[in-house]
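A.B. asks: Residue numbers (our numbering), protein chains in the order written: chain A, 60 to 747; chain B, 11 to 346.
Positions of the beta carbon are idealized from the N, C-alpha and C atoms, including for glycine.
This one's a predicted model, so the numbers in the text were calculated from it and none came from an experiment.
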Amino acid sequence: MPLLSIENLSVEYRTSAGRSVVISDFSLAIEQGESFGLVGESGCGKSTLLMAIMGYLGRNGAVTRGRILFEGRDLVGLSDAELRQVRGSRIAVVYQEPSAALNPSLTIGRQLMEVPLLRAGTTVADARAQVVRMLGDVHLPHPDSVMRRYPHQVSGGQKQRVVLAMALLANPALLLLDEPTTGLDVTVAATVLDLVNELRQKYRTALVYVSHNLGVIAQVCDQIGVMYAGEMVESAPAASLFASPRHPYTRGLIASLPALGADKHSAPLIPIPGSVPSPMAARRGCAFAPRCVDARAGQCDIGAIAIRPAAPDHLVRCVRFAELAPPVASDAFVADAQQDGEVVLEADQLSRVFKVGRLRLVANDALNFEARRGRVLAIVGESGSGKSTFARILAGLDAATSGSLRFRGADVATQPVRRRNAAQVAAIQMVFQNPDGTLNPSHRVGRPLARALRRFGVARGRRAIDARVRALLEMVRLHPAVQHSLPRQLSGGQKQRIAIARAFAGNPELLIADEPVSSLDVSVQAAVVNLLLGIQASHGTTMLFISHDLVLVRYLADEVVVMYLGRVMECGPVQALFSPPYHPYTEALLSAVPLLDPSAGRARIRLEGEIPSPLNPPPGCRFAGRCPRKVGAVCDTVPPPAREAGDGHLIFCHISLDELRRVPPVFGDAAAAVVGAPTTASSRTDTH
Amino acid sequence: MLKYLLRRVLELVLTLVLSSFVVFMLTEFSPGNVARKTLGPFALQEQVDVLYEKLHLNDPLLVRYVRWVGVLTGLEADPLQDPALDLDFHDPRGNRYFGNFGYSTLYKAPVNDVLWNRLGNTALLAGLAFAVIVPLSLVLGILAGMRAGSALDRLVSTASVVMTSVPEFALGVMLVAVFVVSLHWLPGTSTLDPSGGWPVAAQLVLPVATLAIYDAGYVARMVRSSMAEVMTRPYIRTAVLKGLPRRQVILRHAFRNAMIAPFTVMLLQINWLIGGVVVTELVFAYPGFGRMLLDAALFGDISLIEAATLIALLVATTTQLLSDIGYRFLDPQSRR
Numbered sequence: 060m061p062l063l064s065i066e067n068l069s070v071e072y073r074t075s076a077g078r079s080v081v082i083s084d085f086s087l088a089i090e091q092g093e094s095f096g097l098v099g100e101s102g103c104g105k106s107t108l109l110m111a112i113m114g115y116l117g118r119n120g121a122v123t124r125g126r127i128l129f130e131g132r133d134l135v136g137l138s139d140a141e142l143r144q145v146r147g148s149r150i151a152v153v154y155q156e157p158s159a160a161l162n163p164s165l166t167i168g169r170q171l172m173e174v175p176l177l178r179a180g181t182t183v184a185d186a187r188a189q190v191v192r193m194l195g196d197v198h199l200p201h202p203d204s205v206m207r208r209y210p211h212q213v214s215g216g217q218k219q220r221v222v223l224a225m226a227l228l229a230n231p232a233l234l235l236l237d238e239p240t241t242g243l244d245v246t247v248a249a250t251v252l253d254l255v256n257e258l259r260q261k262y263r264t265a266l267v268y269v270s271h272n273l274g275v276i277a278q279v280c281d282q283i284g285v286m287y288a289g290e291m292v293e294s295a296p297a298a299s300l301f302a303s304p305r306h307p308y309t310r311g312l313i314a315s316l317p318a319l320g321a322d323k324h325s326a327p328l329i330p331i332p333g334s335v336p337s338p339m340a341a342r343r344g345c346a347f348a349p350r351c352v353d354a355r356a357g358q359c360d361i362g363a364i365a366i367r368p369a370a371p372d373h374l375v376r377c378v379r380f381a382e383l384a385p386p387v388a389s390d391a392f393v394a395d396a397q398q399d400g401e402v403v404l405e406a407d408q409l410s411r412v413f414k415v416g417r418l419r420l421v422a423n424d425a426l427n428f429e430a431r432r433g434r435v436l437a438i439v440g441e442s443g444s445g446k447s448t449f450a451r452i453l454a455g456l457d458a459a460t461s462g463s464l465r466f467r468g469a470d471v472a473t474q475p476v477r478r479r480n481a482a483q484v485a486a487i488q489m490v491f492q493n494p495d496g497t498l499n500p501s502h503r504v505g506r507p508l509a510r511a512l513r514r515f516g517v518a519r520g521r522r523a524i525d526a527r528v529r530a531l532l533e534m535v536r537l538h539p540a541v542q543h544s545l546p547r548q549l550s551g552g553q554k555q556r557i558a559i560a561r562a563f564a565g566n567p568e569l570l571i572a573d574e575p576v577s578s579l580d581v582s583v584q585a586a587v588v589n590l591l592l593g594i595q596a597s598h599g600t601t602m603l604f605i606s607h608d609l610v611l612v613r614y615l616a617d618e619v620v621v622m623y624l625g626r627v628m629e630c631g632p633v634q635a636l637f638s639p640p641y642h643p644y645t646e647a648l649l650s651a652v653p654l655l656d657p658s659a660g661r662a663r664i665r666l667e668g669e670i671p672s673p674l675n676p677p678p679g680c681r682f683a684g685r686c687p688r689k690v691g692a693v694c695d696t697v698p699p700p701a702r703e704a705g706d707g708h709l710i711f712c713h714i715s716l717d718e719l720r721r722v723p724p725v726f727g728d729a730a731a732a733v734v735g736a737p738t739t740a741s742s743r744t745d746t747h
Numbered sequence: 011m012l013k014y015l016l017r018r019v020l021e022l023v024l025t026l027v028l029s030s031f032v033v034f035m036l037t038e039f040s041p042g043n044v045a046r047k048t049l050g051p052f053a054l055q056e057q058v059d060v061l062y063e064k065l066h067l068n069d070p071l072l073v074r075y076v077r078w079v080g081v082l083t084g085l086e087a088d089p090l091q092d093p094a095l096d097l098d099f100h101d102p103r104g105n106r107y108f109g110n111f112g113y114s115t116l117y118k119a120p121v122n123d124v125l126w127n128r129l130g131n132t133a134l135l136a137g138l139a140f141a142v143i144v145p146l147s148l149v150l151g152i153l154a155g156m157r158a159g160s161a162l163d164r165l166v167s168t169a170s171v172v173m174t175s176v177p178e179f180a181l182g183v184m185l186v187a188v189f190v191v192s193l194h195w196l197p198g199t200s201t202l203d204p205s206g207g208w209p210v211a212a213q214l215v216l217p218v219a220t221l222a223i224y225d226a227g228y229v230a231r232m233v234r235s236s237m238a239e240v241m242t243r244p245y246i247r248t249a250v251l252k253g254l255p256r257r258q259v260i261l262r263h264a265f266r267n268a269m270i271a272p273f274t275v276m277l278l279q280i281n282w283l284i285g286g287v288v289v290t291e292l293v294f295a296y297p298g299f300g301r302m303l304l305d306a307a308l309f310g311d312i313s314l315i316e317a318a319t320l321i322a323l324l325v326a327t328t329t330q331l332l333s334d335i336g337y338r339f340l341d342p343q344s345r346r
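So, in structure tokens, the structure goes:
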């Protein structure tokens, strides 16, 4: 008997607008100790499924059909008291956004001790001992001090460890994880994933792991299910799912991710057109058909489609899966950037120091690099590395404390945006991470576009402006009528397109893109990246791309700057950065990238702890405190020399280049094999 | 924490000093001359002129303010008590002591004899009302906010809107009509004088009920919306899915967070109860502070207005301090 078996489950919500079917005919079986991954875009019902298992659907949600058998007992329709016997003792949950999941006004210790104290006969001393032991198991140093603190007094990664400890304290047979690493830095996410794997071995807990990130799922799960519009569309063991995806949706998800070895000149990202249908919408046949290039009228849209085996343990919900040919790679669409465009932007010893009482917070420290016309310069690093401070100085939202930042010859390092004229402002524009925060919710989205055009003097008079607004919307592939919509009527991807259109309204020479796609679903991410690259290439705009997604950076950047605690660790052409010699920090960042192919062997180094405080930094290498390849005391006391690896590739490290060259490549053969990308037919085995 | 407290108390004193100047300036600049107001409408012009001279009302405002502060702190003698003026103002405490607010021309008595008596009466009324309002609105607000959209929530929400929208005077009159006129259970006036046959306790019931009903609806709605908002937070879900019983989820996890926003609002009710319940005091002929302030203002009793305004300011700044301290206690994130 499986531990958890969900049979033909349907979940509905009643709203004022009518009933919406969020999950329909969903089945799943998980054995003791097994780990099951659920992927799909947001709005596919993944989180709802977890809450259905926990019996927490809210007042207007209900299971309308099917059973959820856990340890042989149907959880559907249990009373609150009966559910309490299961919740927190047999099944526990780890949540997305640990900051929200913890009570801000209770100490961590109190919140953790509640769990063991629920068991009859546990004394406070017992509970405390259990909590201390568990905090040790999730590798939180100084458990006593952690227990006395409030959630806001520990970092994001530590909070997620606390949430994980809270779940495991229940000693559950089944652990539900809802996007537990989303929003964490790559390095932190990687250690959390390691921890999940370690604890799973230790406690023999079965997992249901929900994520929109295929790479993360591949790290943790044996079995993977792909959800679309409330249905399971494909389910298979991890290896065979990534090696031979059968459902067009799964294929689409994989194709929309950049492959590790690929760049914009070799392989395109293939987005999935359209978006997840509303659960209110009536549907006939396949829910994915409207977005599927292989959909055939009369075949896909006539009736309910059953999930069928494509291989002994590989289930697919598609009528045409047997006749579909494997996807073929199309040609690269971005022409090679001009190699030696003029230098548009040049940072020279640029520093930004904040005074905090008597302490100095060094956010940017002697930055030296340049960006050339028409090229994409990526800045990577964990949060707190000073990427955004640099962007703010460039945009005129902050001022440097020393050094210069020359944009087309003029120093803008200390020139705030209010002292720049319209042409200067138009020349440097930004696209932000969260389009919701940058669009006024009560203005129609055409308004910021028109305003930018007027402000930058691009067009005068109502007709000219109107024509330009339409042209801008066309440029970002939106229907002109969209300009009359309010932001809340648009999807995340559409809002980000508006943000891009606004940034390009004044024909900028330099575009600062600060994590522009990290809040978007992968399928949409691909479309926005394509769009951004297309416009950037055709306008000859220089782009400063700030990101922590290294695979994406590998895909779209021409040059890369790796920053840590306000300092440049390594910079150079993108190909050079992704193979040895690496700076040890770059190596650590690359090691943390979740890869699609779980079998891809790679040398891994993990960073312990988190990025330290930038207050009063030590005189030597900033990275010395966490560096796994630290040479000795010299790292702490002497600033590292710049080592030239040729072709403008600079590594700031005490280790000699020869030694760094001997470091094995992080991705081994995997990089060459182009993990998870639909580039070669040989990696697909499903032609019949 | 001690440093914070010390800083806040200093700020409070500074606020009081500054506002005392504003109060002084505004009352002395109000229409009509101070000497005329002191002597009343039937005094002869010569008498007014003599007093004007005697009080040095020609001096610059700042000089007069310093002199007023001197009298208040007991450093200078009260000029109005000078027997040479023949005003017959006597203060048994003498003419030079700390806290000398001067002489009330309306009540023909030292301000200190009038003020504290009235303030005591109002404190009694306000204290009783507050003691009803807080628990009542907490219970109603939490029960309603706990399950937003439930039948109980709708009942409480509707009732509190109705309670708040009936004006105090209408509510007072209605209560009088029912409990005094029809049922004869309670007295219609609350003069706090037991010689009329009604004990003081009985006299307090209707004014307290009027204030409590009117105000509890408002506070309950604040508590309700804060509670309902907290109940949708992910950490409540965490607490529920931990397997905690509902009572613990509400009391341990929701209650404290739900109190953060309404706490300040509750303390603000104290200010209102002290200085702003004139209507209720009038309806029940209650000898309270608000009514005294109104009478003083209408009569032009400068010393009494100044004193009463300063007291009201002291109450307001103190509740503000209390609410800031309570806020720091409730919300650990504010203690940085």
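#1: Run through DSSP, which three-state label would Asn-499 (chain A) get?
#2: At 8 Å on the CB atoms, spell out the chain B contacts of Asp-139 (chain A), in chain order.
#3: From Val-152 (chain A) to Leu-24 (chain B), what distance separates their C-alpha atoms?
#4: List the endpoints of the continuous beta strand (DSSP E) containing Tyr-623 (chain A).
#5: Sorted by chain position, which residues of the same chain lie with C-beta nearer than 6 Å to Gln-555 (chain A)'s C-beta, five sequence neighbours on each side aside?
#6: In terms of residue numbering, what span does the alpha helix (DSSP H) encompassing His-598 (chain A) cover?
#7: Could you say which of A:Thr-264, A:Ala-469, A:Leu-223 lies nearest to Glu-90 (chain A) if we only look at CA atoms?
#8: Arg-243 (chain B) versus chain A: which residues are under 8 Å apart at the beta carbon?
#9: At a Cβ cut of 8 Å, what residues of the region 297 to 308 of chain A count as close to chain B, listed as they run along the chain?
#10: How about the region 183 to 195 of chain A and the region 283 to 291 of chain B: do they share at least three Cβ pairs that are nearer than 8 Å?
#11: Going by the beta-carbon positions, is the gap between Ala-306 (chain B) and Leu-314 (chain B) smaller than 8 Å?
#12: Tell me whether the region 94 to 109 of chain B and the region 253 to 265 of chain B touch, counting them as touching only if at least three CB pairs, one residue from each stretch, are closer than 8 Å.
#13: Verify the CB distance criterion: does Val-250 (chain B) have a CB-CB separation below 8 Å to chain C?
#14: Counting only the same chain and skipping the five closest in sequence on each side, list residues whose C-beta sits under 6 Å from that of Ala-730 (chain A).
#15: Measuring straight from C-alpha to C-alpha, what distance separates Ala-354 (chain A) and Lys-105 (chain A)?
#16: CA-CA distance, Arg-18 (chain B) and Val-122 (chain A)?
#17: Determine which residues of the region 335 to 346 of chain B have a Cβ less than 8 Å from any Cβ of chain A, and write them out in chain order.
#18: What are the residues of the region 11 to 35 of chain B that lie near chain A, defined by any Cβ-Cβ distance shorter than 8 Å?
#19: Compare the C-alpha of Gly-362 (chain A) against each of A:Leu-549, A:Arg-379, A:Phe-347, A:Arg-343 and name the closest.
#20: Output needed in chain order: residues of the region 258 to 270 of chain B with a Cβ under 7 Å from some Cβ in chain A.
#21: With a threshold of 16 other CB atoms inside 10 Å of the CB of Val-693 (chain A), please say whether the residue is buried or exposed.
#22: For Leu-228 (chain A) and Pro-157 (chain A), which I take to be in contact (beta-carbon distance under 8 Å), what is that distance rounded to the nearest angstrom?
#23: Can you grab the Cα-Cα spacing for the pair Ala-381 (chain A) / Asp-372 (chain A), in whole Å?
#24: Is Thr-70 (chain B) helix, strand or coil by DSSP?
#25: For Ala-752 (chain A), collect the residues of the same chain with a Cβ closer than 8 Å to its Cβ; drop the 5 residues on either side in sequence, then sort them by chain order.
#26: Please say whether Gly-336 (chain B) and Phe-265 (chain B) have beta carbons closer to each other than 8 Å?
#27: Grab me the residues of Ala-212 (chain B)'s own chain with a C-beta within less than 7 Å of its C-beta, minus the 5 sequence neighbours each way, in chain order.
#28: Is Ser-410 (chain A) helix, strand or coil by DSSP?
#29: Output the boundary residues of the beta strand (DSSP E) element that contains Ala-369 (chain A).
#30: Rounded to the nearest angstrom, what separates Ser-114 (chain B) and Val-325 (chain B) at their Cα positions?
#31: Under 8 Å, with one C-beta from each stretch per pair, do the region 408 to 427 of chain A and the region 672 to 686 of chain A reach the 3-pair mark?
#32: Distance check for Leu-277 (chain B) and Thr-328 (chain B), CA to CA, integer angstroms please.
#33: Which residue from B:Leu-135, B:Arg-103, B:Leu-49 puts its Cα closest to that of Pro-3 (chain B)?
#34: Quick one: what does DSSP say Gly-631 (chain A) is sitting in, helix, strand or coil?
#35: Using a Cβ-Cβ cutoff of less than 7 Å, which residues in the same chain neighbour Glu-646 (chain A) once the five nearest sequence positions on both sides are dropped?
C.D. replies: A quick look at the data gives this:
#1: The residue given as residue 499 (chain A) occupies position 440 in the first sequence. Of the three classes helix, strand and coil, the one that applies to Asn-499 (chain A) here is coil, per DSSP.
#2: In the first sequence, the residue the question calls residue 139 (chain A) occupies position 80. Simply Arg-256.
#3: Counted from its first residue, the first sequence places residue 152 (chain A) at position 93. Counted from its first residue, the second sequence places residue 24 (chain B) at position 14. Cα to Cα, Val-152 (chain A) sits roughly 52 Å from Leu-24 (chain B).
#4: Mapped onto the first sequence, residue 623 (chain A) falls at position 564. Note, Tyr-623 (chain A): beta strand (DSSP E), 618 to 623.
#5: The residue labelled residue 555 (chain A) in the question sits at position 496 within the first sequence. Around Gln-555 (chain A): Pro-494, Val-587.
#6: Counted from its first residue, the first sequence places residue 598 (chain A) at position 539. Its alpha helix (DSSP H) spans residues 581 to 598.
#7: Here residue 90 (chain A) is taken as the residue at index 31 of the first sequence, counted from 1. Checking every option, the nearest Cα to that of Glu-90 (chain A) belongs to A:Thr-264.
#8: Start at 1 with the first residue of the second sequence, and residue 243 (chain B) comes out as number 233. Ordered by position in chain A, the residues that pass the 8 Å Cβ test against Arg-243 (chain B) are Ala-159.
#9: none
#10: no
#11: Position 296 of the second sequence, counting from 1, holds the residue named residue 306 (chain B). Position 304 of the second sequence, counting from 1, holds the residue named residue 314 (chain B). Result yes, Cβ atoms of Ala-306 (chain B) and Leu-314 (chain B) sit closer than 8 Å.
#12: no
#13: Among the protein chains of the structure shown, namely A and B, there is no chain C.
#14: In the first sequence, residue 730 (chain A) corresponds to position 671, counting from 1. With a pLDDT of 43 at Ala-730 (chain A), under the threshold of 50, the predicted position of this residue should be treated as unreliable, though the coordinate-derived value follows. Closer than 6 Å at Cβ, skipping near neighbours: Leu-319, Gly-320.
#15: Locating residue 354 (chain A) in the first sequence gives position 295, where the first residue counts as 1. Locating residue 105 (chain A) in the first sequence gives position 46, where the first residue counts as 1. One C-alpha to the other measures close to 24 Å.
#16: Stepping through the second sequence from its first residue, residue 18 (chain B) is reached at position 8. Stepping through the first sequence from its first residue, residue 122 (chain A) is reached at position 63. Cα-Cα distance, rounded: 55 Å.
#17: Leu-340, Asp-341, Pro-342, Gln-343
#18: none
#19: Position 303 of the first sequence holds residue 362 (chain A). That would be A:Arg-343, whose Cα lies nearest to the Cα of Gly-362 (chain A).
#20: His-263, Arg-266, Asn-267
#21: Taking the first sequence and counting its residues from 1, the one referred to as residue 693 (chain A) is at position 634. Looking at its Cβ environment, which holds fewer than 16 other Cβ atoms inside 10 Å, Val-693 (chain A) is exposed.
#22: Numbered from 1 along the first sequence, position 169 holds the residue referred to as residue 228 (chain A). Numbered from 1 along the first sequence, position 98 holds the residue referred to as residue 157 (chain A). Not really, about 15 Å apart at Cβ, beyond 8 Å.
#23: To locate residue 381 (chain A), count along the first sequence from 1; it is residue 322. To locate residue 372 (chain A), count along the first sequence from 1; it is residue 313. Straight-line Cα distance between these residues: approximately 16 Å.
#24: What you label residue 70 (chain B) is simply residue 60 of the second sequence in a count that begins at 1. Per the sequence shown, the amino acid found at residue 70 (chain B) is Pro instead of Thr. Reduced to three states, the DSSP call for Pro-70 (chain B) is coil.
#25: Nothing about residue 752 (chain A) can be read from this structure; chain A reaches only from 60 to 747.
#26: Your numbering for residue 265 (chain B) matches position 255 in the second sequence. Your numbering for residue 336 (chain B) matches position 326 in the second sequence. Cβ atoms of Phe-265 (chain B) and Gly-336 (chain B): not closer than 8 Å.
#27: Position 202 of the second sequence, counted from the first residue, corresponds to residue 212 (chain B). So the qualifying residues of the chain are Leu-196, Pro-197.
#28: Here residue 410 (chain A) refers to the residue found at position 351 when the first sequence is read from its first residue. Residue state, collapsed to three classes: strand.
#29: Position 310 of the first sequence, counting from 1, holds the residue named residue 369 (chain A). 367 to 370 is the extent of the beta strand (DSSP E) around Ala-369 (chain A).
#30: Taking the first residue of the second sequence as 1, we reach residue 114 (chain B) at position 104. Taking the first residue of the second sequence as 1, we reach residue 325 (chain B) at position 315. Near 21 Å, if we compare the C-alpha coordinates of Val-325 (chain B) and Ser-114 (chain B).
#31: yes
#32: In the second sequence, counting from the first residue as 1, residue 328 (chain B) sits at position 318. In the second sequence, counting from the first residue as 1, residue 277 (chain B) sits at position 267. Answer to the nearest angstrom: the Cα atoms are 10 Å apart.
#33: No answer is possible for residue 3 (chain B): the residues shown for chain B start at 11 and end at 346.
#34: Here residue 631 (chain A) is taken as the residue at index 572 of the first sequence, counted from 1. Gly-631 (chain A) falls in the strand class under three-state DSSP.
#35: Counting from one through the first sequence, the residue named residue 646 (chain A) turns up at place 587. The answer, listed in chain order, is Ile-664, Val-722, Val-725.
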